[in-house]
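Protein chains in written order, with our numbering: chain S, 1 to 531; chain W, 532 to 792.
Here is the structure we will look at, set down as structure tokens.
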Amino acid sequence: MKLLVSIALLILILSFSASGMAQVTYQRILHAEQEPENWLTYSGTYDGHRYSRLDQINRGNVRNLKLKWVFQMRTLEKVETTPLVVDGVMYLTEPPSNAFALDPGTGRTYWSYVRNLPEVIKTCCGRVNRGLAILGERLYLGTVDAHLVALDSKTGSPVWDVAVADPKAGYSITVAPLAVKDKIIVGISGGEFGIRGFLDAYDAETGKRAWRFYTVPGPGEPGHETWEGDSWKTGGAPTWLTGSFDPELNLIYWGTGNPAPDFNGKTRAGDNLYSDSVVVLDADTGKLKWYFQFTPHDVMDWDAAQIPVLLDAPFQGRPRKLLLWPNRNGFYYVFDRETGELLLAQQFGKQTWTDGLDSQGRPNVLPDVLPSEEGTLVFPGIQGAINWHSTSYNPLTGLLYLPVREVPTLNFTGDVSFSPGDMFLGSRWQAMPEEPSSAAIRAMVPQTGEVKWEYPLYRDTWGGLLSTAGNLVFSGTLEGQLFALDSATGEELWHINTGGRVNAAPITYLHEGKQLVTMAAGNALFTFGLE
Amino acid sequence: MRTRWIAGFIVACAALSLWAQQEEGRNPYTSAEDVAAGADLFGKRCALCHGADGSGGTGPDLRRGQFRHGGSDAGLFRSIRFGISDSGMPRLGMPDERVWQVVAHVRSLSRSAKEIDVPGNAVQGKQLYLGKGDCSRCHTINGVGGRLGPDLSDIGWLRSTRHLKSSIIDPDQDIDRRYLSLHILKKDGQAIQGVPLNEDSYSIQLMDLQENLHSLWKRDLDEIRQEERSWMPSYQGTFSESEVDDLVSFLYSLRRKTDQP
């Protein structure tokens, strides 16, 4: 019997050891937590935990981490990519819309896909990309000219290339797609250009569009009445950060961005559904199951572009299927993710715009906090109490780790004239460096919002988090340090200066049996290991 | 005085007109002399890849008048002036006027589809590709096929009929170095054959003949041998002359399209 098991194990190991031999089936992504040697989807697993079972690197030895290699990118854009690692090969994107396969042992490339882009690309915040999806032997790449491209994972050759939307009208793709069953789910960017947002699903095999969910409802659809006149046509509500998936409920959870124009709501009276919301969609049809709008009629640019964290855990003594959502508006929300029932909503970061939420989670907006001609100072500023950077849930500590920013901005109202393809902000904002501000990594009890520890940062961070079974939390700073904290106490155990701002989240995986940690900083990707 | 004023006005108008054309991206240098000057430059700098008559070689056939990286004057100017990244097309480091003259010459090369004679039958060529030639064992078209040879999904854009024909009959004559045959002997005795993907002083990356990716430290290797030949066999003798034409016709028809929204 023991021999049989050994042989079976050997066959399993052999079948995955030849680089790129195995197909990444939907079943493998579904159980991604069981193969921590790989990193199969943007957040590591469908539930958005960005947690790894690997513990070779742990709080006892993390101080011995050594640089293994650096992959320099040919770009001056921000590097926001989360690489994938599959059966000994790493796949990553380089801004604006390029892709690479490389060997995690040497950092040397196997192939590259370099996209030729039109001269004019409309992006609000850099020609960036956050990563790839993989399914079967294909990688899926969204491009800043608003195409979705399927690439052969062994050669980087394009298999198909479909136009998702018109880049001249301000549409672009920066999100890492999500592979669910036989479909590729991809969101759109362009909330600063007056696009009409949507979330799309494409047949992974053919590239044919399977469904589209408009995040701004058209005439006759529920929610359309929340837009004044024709304002829905330029309503924004993009879908630029990868969502999560619950296979049992067959539901996709996806955050939507700001309504357009960002800072002036006078031409779009109403709640402006489904901007700044979580939309919960049937994975097969794209039909809306439920939604929750965090910031109705937003004029502060508070995109609900956060990673939806799905957690099965007791809540007030009862086992529940929870959805956790620290939002850019400064409040932390817990839902029953099956019914949409709001279970908890409470402040987690400094805010000055509301005196509280009602029992349905609707904020009472204070009268003097709206953008004005002379400028209005508000906490959180337009970058939010949290932005898009990945949180991490660690089942060993039962804690949710999140990067928190308590930084105000001065917000102005202004012109709301619309011209297709031009920025449609409705005004401007201003950073206020002289105002007191703070930033930290916090560990929170997900059911209560209670903060267990805090790791203060010198300035607001743009790095995402990773936690591991080695009792560690990894992240990085605006100034360029990568660091590891004790997941139970927040004690700093290791840091290194990379010399470049961190704009991405770390991953961890095994290469030839040894645990590595990879993270982007500056214009490069850094990989660390123990020897 | 008056004459000088008028002359000045004319010069100013001409300058304005030139500026306006450049602003719109239209070629301001299109006279017969410009085309001739462009032809001279083309012969010296472009003909090696695109053929003296523009019918292509390792570079695309320019006579079709269709250009994937922008077919407007400004698009052509951009491709020639700045090159096309990772495509093999280098930048032409010359003053703008000279680049525009090359654009004028490239425009003059355009021929109608009728004038570009491609012998052979593409439908039969496809059958030969999939059947007798078994080409899809090593080549991919739109995601279907093998990976050891170049992806052919776009080969009709990239190569001339002449180059396609010679690649079928004598594949070793002009090999893209990414497809040289590579032989590796590891210190543990294992032999690996394949095609090179990447190399530095310390390591080498390759795809083996079973399409597995390998990254190897050179310290673990006894031998790295790269032969100046392709894994692709010659099809001279396998195909008749008319069958080669059919196959070339099929390959020349392969041009990837992308959807528009």
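Think of the CB as a built atom: it goes at the ideal place given N, C-alpha and C, for glycine as much as any other residue.
From a predicted model like this one, the values you see are computed outputs, not experimental measurements.
Within the continuous alpha helix (DSSP H) that includes residue i, where are the two ends?
i: H581(W); result: A578 to H581
i: D604(W); result: D604 to F613
i: R638(W); result: D627 to S639
i: S780(W); result: E772 to Y783
i: R693(W); result: T692 to I700
i: V654(W); result: A653 to L661
i: G687(W); result: I686 to L689
In three-state DSSP terms, what is residue i?
i: H389(S); result: coil
i: A99(S); result: strand
i: N411(S); result: strand
i: A568(W); result: helix
i: A551(W); result: With a pLDDT of 48 at A551(W), under the threshold of 50, the predicted position of this residue should be treated as unreliable, and no value is reported.
i: K183(S); result: strand
i: G20(S); result: In this prediction, G20(S) has a pLDDT of 43, which is less than 50 and means its spatial position is unreliable; what the coordinates show is noted afterwards. In this structure, G20(S) counts as coil in the three-state DSSP scheme.
i: Y733(W); result: coil
i: N364(S); result: strand
i: N38(S); result: coil
i: F335(S); result: strand
i: V79(S); result: coil
i: Q27(S); result: helix
i: F573(W); result: helix
i: K321(S); result: strand
i: S667(W); result: helix
i: W232(S); result: helix
Confirm, please, whether the CB-CB distance from residue j to residue i is below 8 angstroms.
i: I185(S); j: G197(S); result: no
i: N264(S); j: G414(S); result: yes
i: P158(S); j: V149(S); result: yes
i: P681(W); j: S765(W); result: no
i: Y274(S); j: T215(S); result: yes
i: Y393(S); j: V280(S); result: no
i: A99(S); j: T109(S); result: no
i: T82(S); j: A504(S); result: yes
i: D739(W); j: H745(W); result: yes
i: G601(W); j: R609(W); result: yes
i: G243(S); j: G229(S); result: no
i: W211(S); j: H224(S); result: no
i: V62(S); j: L396(S); result: no
i: G236(S); j: G191(S); result: yes
i: S372(S); j: F418(S); result: no
Check each candidate in the options and name the one with the smallest Cα separation from residue i.
i: R750(W); options: D731(W), Q757(W) and Q767(W); result: D731(W)
i: Y171(S); options: A179(S), V162(S), F193(S) and V180(S); result: F193(S)
i: K479(S); options: A521(S), K514(S) and Y509(S); result: This sequence places Glu at residue 479(S); Lys is not what is there. Looking at the Cα atoms, A521(S) is the closest of the given residues.
i: I134(S); options: P96(S), V180(S), G105(S) and K122(S); result: V180(S)
i: T295(S); options: L357(S), Y253(S), G340(S) and G349(S); result: L357(S)
i: I441(S); options: G426(S), G107(S) and L466(S); result: L466(S)
i: L402(S); options: W462(S), D303(S) and Q351(S); result: W462(S)
i: F424(S); options: A210(S), R59(S) and T123(S); result: T123(S)
i: L579(W); options: R756(W), W762(W), G768(W) and S691(W); result: S691(W)
i: V633(W); options: V654(W), Q724(W), C669(W) and L607(W); result: L607(W)
i: K350(S); options: Q72(S), F71(S) and P408(S); result: P408(S)
i: M763(W); options: K717(W), K788(W) and I699(W); result: I699(W)
i: D161(S); options: R622(W), K788(W), S697(W) and D776(W); result: K788(W)
i: G48(S); options: R362(S), V451(S), L322(S) and A484(S); result: L322(S)
i: D719(W); options: Q736(W), W748(W) and L711(W); result: W748(W)
i: Y202(S); options: D182(S), A269(S) and E435(S); result: D182(S)
i: G619(W); options: L659(W), M625(W) and C577(W); result: C577(W)
i: D284(S); options: Q430(S), V369(S), A204(S) and L139(S); result: A204(S)
i: F379(S); options: A313(S), P446(S) and W429(S); result: W429(S)
Using a Cβ-based criterion (distance less than 7 angstroms to any ligand heavy atom), does residue i qualify as near the ligand FMN?
i: R74(S); result: The ligand FMN is absent from the structure shown, which contains no ligand whatsoever.
Starting from residue i, follow the beta strand (DSSP E) in both directions and report where the run begins and ends.
i: T155(S); result: Run containing T155(S): none; DSSP gives neither H nor E here.
i: A169(S); result: Here A169(S) belongs to no beta strand (DSSP E), and DSSP marks it neither H nor E.
i: L54(S); result: Unbroken run through L54(S): none, as it is neither H nor E.
i: Q757(W); result: L752 to S761
i: A345(S); result: L342 to Q347
i: G220(S); result: From DSSP, G220(S) is part of no beta strand (DSSP E); its letter is neither H nor E.
i: E454(S); result: V451 to L457
i: S244(S); result: S244 to D246
i: Q306(S); result: Per DSSP, Q306(S) belongs to no beta strand (DSSP E) and is neither H nor E.
3-residue-minimum beta strand (DSSP E) runs that sit fully inside the segment 467-499 of chain S, ordered along the chain: The DSSP assignment places complete beta strand (DSSP E) segments of no fewer than 3 residues inside the segment 467-499 of chain S at 472-476, 481-486 and 492-497, in order along the chain.
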